[in-house]
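A short worksheet on the structure shown next.
Protein chains in written order, with my numbering: chain E, 17 to 559; chain Y, 17 to 559.
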């Protein structure tokens, strides 16, 4: 059972230090503090436990340290920045674990880029030693990369030549799409086990600069200082504390304050319910800051995030998640109005950006999602995105009951998908004006209006409702989980592609393919044979 | 040994009839005329042999029947249009064959869309019976789809619910990206084994119309007639004949007139050489028409296309193709000038479009490509694209020998990649002006100029040349072929994505993944168990 919650006080592998506008995130992986048995985290190599701490630090920097403008990522180990994902951990992991591990680490790196793009927190990778594989992929997720020039330290992606797999955390995509390295040079670099050192790495665009050992820290510090000056100080802001989530975890599910997960293990589906805020909600930024992480949107989405990660990683056989909401439409819409009215405030901005990240985590979860809109539900505004994220949406058509959905300005761009579109735009690619019409609709929509507007897949009446749901859940959970994963990954992201969708779609799919090939994971495969005296034996047939 | 050449006279499974501006391509698959043993092609299901004929027909319609404006695709079988790829064929095929089969059928469907977009040949699918799986995917590659309304015939994608795999020929992508079906409806449709019939299929956008059996042929004919009238007659054009290629095939390779393939089987690489035209070349369209398929660009690229298909399908262990050219730069540039000066003429236009398709076939080939630029080579204009397609380019830097490359207007847009960019644009994403500078360069570039312009990866001198090449070939062919395939698929297509790149990158990668999963191909997998009394047993863990 993997726990995704942590705090800086309990980090084992990272040190987070904040000094005014500059934070330093230092990697110092403890060899023996592994998440599972059977491997040691040598040379700052990482397992999921290390990355959970990194993800936590990136998140806390935004909420707890909004004054930070530059985050320096470096290592405490001499001559090594980071050796990437631990190979023995990968070699002993199940296919499903490898895939989920890569997805989470990808999300962490995308969160770094999101902080840089939207929160004014630039990331500088200060490579005081070699960055190989996932180590270089962490660096390339940062805005800038500086490498020590000690005659030995290099950047490298040795996965293809040494391990017979791909760099699994977006490295190939970021080489050619972010740093726009020439493709032939990217080809050479990605097949060169020893990588490239300072001068050549700079010439090819793999790093932004290199400094001799004696001047490295000083030169990086001076550059960071200049970045802070260029950007100008942020408006004085005092962070809020992200307290541990309170969750009651049982065999039957997980109960948070605003989120419930009920597991129907035998039938391989879960009910996930998000509850609307209750009682008086804040309307000013002062009140929001006062509430801190107890403010509904932040707390509810943190709980949702945790629930999704839990389902992904700890409940592999749950193939379908039934999304439900409980509460009053108006209470949700009121929150949306408050957030949008105050979106220039740093905490509100961070909250909205975080809600968007959680919903993207849902889009990228390899489980089916059905949304059920029933009496007492509140799929409005930000929570309507849950229904729009779902693979299908069922809405009860019962004139005797109040069953409604509603849009808000939140559905018009605050919560973009990985492809850069809103979920309404993705839904109505065939007739973009339909998205605008839905947004202009005054008041809530009942089942017939919602169906006419194209917001729901099925709107059965109360005679059919229960049977329809039961049969459709049974059918869905009977299908091949692999075919569903590939199908959903294809249908959820129509329209434009971005670097993120390329990483999650194209690159991840290839990596998943390779992760099952005998040439990587068979008894004579490269991943299996890594570090052994035997050499990998390949079947050279090209597919 | 699979042969990709055929002619309408020897088709076994299709009938091609041309009547003025309308061609009819009728599917009538012969059950026993299979490419391999162990299956029967019932219900107009297809194997690679059927698709080779289709690809040939699509190609001939452009060159031999330029007067055709509408191509009607239909079936001779009662109540069945096409049941898609034969499941027993898939079930008994190797992984590599399945992957290569899907790639070829995808290229054929993209060629249909290319004919429609660029050659004024619209495709109308006249579904006189059920179109399921690859049958519907063939329909959705057409511009319009009409379905008979006989109370029984449906369109469907039963791969996920029945076979535990994906529709492998672009179906999912075209559902949401071409026909822009709402994603929740695409989800329902793609999990509904029995599919949808006329009325609902039309409502959901899966077909463009439906007619009762008694009026089906008449209604389709009337609609086709109206399309012809709307488009207006094409300029009178008389097609040219595509004669069989002359090739000398031996154990050591293949010798065509302008293309040589030399197999170094033990070392797992091939030398592929394209020779420039020799002697006086035509300069007017009359002369070009007179030469027909013997005109250098058409013949050389037909030979190159055949060589690539041969290497893909019949030489699986060849992991690296060394691209070479022989001849005079100026002879190639002269052809480019003639083609561009006459590009408004249908035959010249078709020739250029075909050259672009062949180069895209190269981009999509799962083998490494190294280009070698040596004395006597002629990487100029259209042939420079070979060097730009290569994963790496080596150019001899020898002041005593004439070793040069040259650009032409052909490198500025006539031969787009699947991502919509030119190969120069894809190469210089980091500094788009570099592509323009290269194009503006007067005259040929020697090794130093080419290196400075960013056109070559390595430019060793004559002392290093042979060793460098030998070592790099050895290194490349020693790496995991699977990791290389995934790496090349990621690095070759930086920048924008299109429906084509989504099909070849995202969808294909997922399908390849699923094609190895025990849930599909294991002893209890759905593909293995299809048609047997036993039922598939899934491992329900989601990855």
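Glycine residues also receive a C-beta, built at the ideal position from the N, C-alpha and C atoms.
These figures come from a predicted structure and were not determined experimentally.
Inset, instruction - Would you decide whether residue 92 of chain E is buried or exposed? Buried here means 16 or more other CB atoms lie within 10 Å of its CB. - result: With fewer than 16 other Cβ atoms from the protein chains shown falling within 10 Å of its own Cβ, residue 92 of chain E counts as exposed.
Legend entry - the region 521-549 of chain E: positions lying closer than 7 Å to chain Y by Cβ: Within the region 521-549 of chain E, the qualifying residues are 521, 522, 523, 525, 526, 527, 528, 529, 530, 532, 533, 535, 536 and 542.
Inset, instruction - Using a cut-off of 7 Å between C-beta atoms, extract the partners of residue 108 of chain Y located in chain E. - result: The premise fails here: residue 108 of chain Y is roughly 17 Å from chain E at the closest Cβ pair, so nothing lies under 7 Å.
Legend entry - Enclosing beta strand (DSSP E) for residue 220 of chain E [first to last residue]: It is not in any beta strand (DSSP E) - residue 220 of chain E carries neither H nor E in the DSSP assignment.
Legend entry - Bridge-paired residues (DSSP) for residue 98 of chain Y: Y/147
Legend entry - Same chain, Cβ closer than 7 Å to residue 418 of chain Y, neighbours up to 5 away in sequence not counted: 391
Legend entry - Counterpart residues of residue 410 of chain Y in DSSP-defined beta bridges: Answer is Y/388 and Y/474, bridged to residue 410 of chain Y.
Legend entry - CB contact check: residue 457 of chain E to chain Y, cutoff 8 Å: no
Legend entry - Whole-angstrom distance between residue 213 of chain Y and residue 129 of chain Y, CA atom to CA atom: 25 Å
Inset, instruction - Return the CA-CA distance between residue 443 of chain Y and residue 454 of chain Y, expressed in angstroms with no decimal places. - result: 12 Å
Legend entry - Opening and closing residue of the alpha helix (DSSP H) in which residue 459 of chain E lies: Careful: residue 459 of chain E lies outside any alpha helix (DSSP H) and carries neither H nor E.
Legend entry - For residue 501 of chain Y, the first and last residue of its enclosing alpha helix (DSSP H): 497-507
Inset, instruction - Determine the DSSP secondary structure at residue 214 of chain Y, reduced to helix, strand or coil. - result: helix
Inset, instruction - Report the option in Y/292, Y/468, Y/502 and Y/219 whose CA atom is closest to the CA atom of residue 352 of chain Y. - result: Y/292
Inset, instruction - Say whether chain Y places a C-beta atom closer than 8 Å to the C-beta of residue 499 of chain E. - result: So, interface residue.
Inset, instruction - With residue 240 of chain E as the anchor, note down where its alpha helix (DSSP H) starts and where it stops. - result: 229-247
Legend entry - Closest residue to residue 478 of chain Y among Y/470, Y/471 and Y/463 (Cα-Cα distance): Y/463
Inset, instruction - Tell me the start and end of each unbroken beta strand (DSSP E) in the region 113-157 of chain E that is at least 3 residues and wholly inside, in chain order. - result: 138-143 and 145-148, all fully within the region 113-157 of chain E.
Inset, instruction - Tell me, please, which residues DSSP counts as bridged to residue 30 of chain Y. - result: Y/43
Inset, instruction - Tell me the start and end of each unbroken alpha helix (DSSP H) in the region 422-466 of chain E that is at least 4 residues and wholly inside, in chain order. - result: 439-443 and 448-456
Inset, instruction - Name, in chain order, the residues that DSSP records as bridge partners for residue 91 of chain E. - result: Beta-bridge analysis with DSSP links residue 91 of chain E to E/43.
Inset, instruction - Go through its chain and collect everything with a Cβ distance to residue 367 of chain E's Cβ below 7 Å, but skip five positions before and after it. - result: 313, 314 and 355
Legend entry - Closer than 8 Å to chain E by CB, residue 339 of chain Y: no
Legend entry - beta strand (DSSP E) segment containing residue 57 of chain E, residue limits: Careful: residue 57 of chain E lies outside any beta strand (DSSP E) and carries neither H nor E.
Inset, instruction - Please say whether residue 32 of chain Y and residue 45 of chain Y have beta carbons closer to each other than 8 Å? - result: no
Legend entry - Contact list for the region 419-439 of chain Y against chain E, Cβ threshold 7 Å: Cβ contacts with chain E: none found.
Inset, instruction - Decide if residue 295 of chain E is buried, meaning its Cβ has at least 16 other Cβ atoms within 10 Å, or exposed. - result: Result: exposed.
Legend entry - Beta bridge counterpart(s) of residue 161 of chain Y as assigned by DSSP: Y/141
Legend entry - Members of the region 66-97 of chain E near chain Y, C-beta cut-off 8 Å: none
Inset, instruction - Please name the residue in Y/546, Y/552, Y/525 and Y/545 whose C-alpha comes closest to that of residue 116 of chain Y. - result: Y/525
Legend entry - Against chain E: residues of the region 333-362 of chain Y by CB proximity under 9 Å: 333, 334 and 335
Inset, instruction - For residue 320 of chain Y, collect the residues of the same chain with a Cβ closer than 7 Å to its Cβ; drop the 5 residues on either side in sequence, then sort them by chain order. - result: 275, 290 and 374
Inset, instruction - Provide the residue span of the beta strand (DSSP E) that contains residue 272 of chain E, from first to last. - result: Unbroken run through residue 272 of chain E: none, as it is neither H nor E.
Legend entry - Test: residue 177 of chain E CB closer than 8 Å to a CB of chain Y: Proximity of residue 177 of chain E to chain Y, defined by a Cβ-Cβ separation below 8 Å, is satisfied.
Legend entry - Proximity of residue 365 of chain E and residue 434 of chain E at Cβ, strictly below 8 Å: no
Inset, instruction - Have a look at the DSSP bridge pairing and note the partners of residue 337 of chain Y. - result: Y/286 and Y/385
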